Amino acid sequence: MTNFTVRPMVLSDLPAVLAVQASCYSGGLLEGESALASRLALSPSTCWVAHEPAQRGTLAAYLFTHAWPEDSLPPLDGVLDDGWRQHAAPDTLTWFVHDMAVAPAGRGAGLAPRLYAVARAAAHAAGLRRSRLIAVQSAAPWWRRLGYAPAPAQTAARHAGKLAAYGASAVLMERTLAG
């Protein structure tokens with residue numbers, strides 16, 4: 001069995017992140033390097049990668065997460081900034097789980113739950129108590145196992161425009177983060 005290392009993501013990981021992304025998503029869900037770099041810059045403590053130490057320059061999985069105002073959703077493939085921070089009270093923020101992908105070489109090794117656990121601990125340490133995500137590619141059942149449930153219909157309806165960019169089967173999901 002391969003021994004994977006989980007560590008915080010750094011900017012130099014982005015080319016390898018893009019390679020994993022291309023192996024996991026169709027064209028409509030692919031995001032550019034500048035969009036992903038902005039998510040990393042927004043919250044480096046909650047973005048993680050997994051790699052096999054012997055395989056320099058390649059990644060087996062990645063996870064982008066960040067704080068975000070609860071009353072909105074970040075745009076797919078949009079460059080984010082933190083200008084909203086000056087107007088957002090801490091109790092109005094949610095931990096947004098933006099993107100997790102596991103390359104074919106990393107599948108079956110438990111990398112997704114490992115990445116999620118370390119990022120969730122960092123988010124909780126930062127004071128975030130609620131989480132939201134958009135499940136794509138029929139991943140909603142997997143996220144349910146981690147405690148997520150579909151958002152109420154009226155909440156999803158408020159975000160219909162941004163949700164549409166994620167595809168017809170996208171599901172807005174949320175949960176609380178217990179201590």
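Using full-length UniProt numbering, read the sequence shown as starting at 1 and increasing by one per residue.
The beta carbon of each residue, even a glycine, is placed where N, CA and C say it ideally should be.
Given the structure is predicted, the values throughout are model-derived calculations rather than measurements.
Three-state class that DSSP yields for residue i in the structure shown
i	result
VAL79	coil
LEU172	strand
PRO69	strand
TYR148	coil
THR5	strand
ARG120	helix
LEU63	strand
ALA164	helix
Same chain, Cβ closer than 7 angstroms to residue i, five either side skipped, listed in chain order
i	result
THR65	SER43, THR46, CYS47, TRP95, PHE96, VAL97, HIS98, ALA119 and ALA123
HIS51	PHE4, THR5, THR58, LEU59 and ALA60
ASP82	LEU42
The ligand ATP heavy atom lying under 6 angstroms from the CB of residue i
i	result
GLU31	Within the structure as shown, the ligand ATP is missing, as the structure has no ligands at all.
Nearest residue (CA-CA) to residue i, options the options
i	options	result
PRO69	VAL79, GLY167 and ARG85	ARG85
TYR25	VAL136, ARG114 and LEU14	VAL136
ALA88	LEU63, ALA101 and LEU128	LEU128
ASP77	ALA168, SER169 and LYS162	LYS162
MET9	GLY32, LEU30, GLY28 and LEU36	LEU36
VAL17	THR155, GLU33 and ALA156	GLU33
LEU133	PRO74, ALA178, GLN154 and GLY27	PRO74
Per DSSP, cross-strand counterpart(s) of residue i
i	result
HIS51	THR5
LEU93	PRO69
VAL20	According to DSSP, which records beta bridges pairwise, VAL20 is partnered with nothing at all.
6 angstroms CB neighbourhood of residue i in its chain, flanking five on each side removed
i	result
VAL171	ALA135, ALA140 and PRO150
ARG114	VAL6
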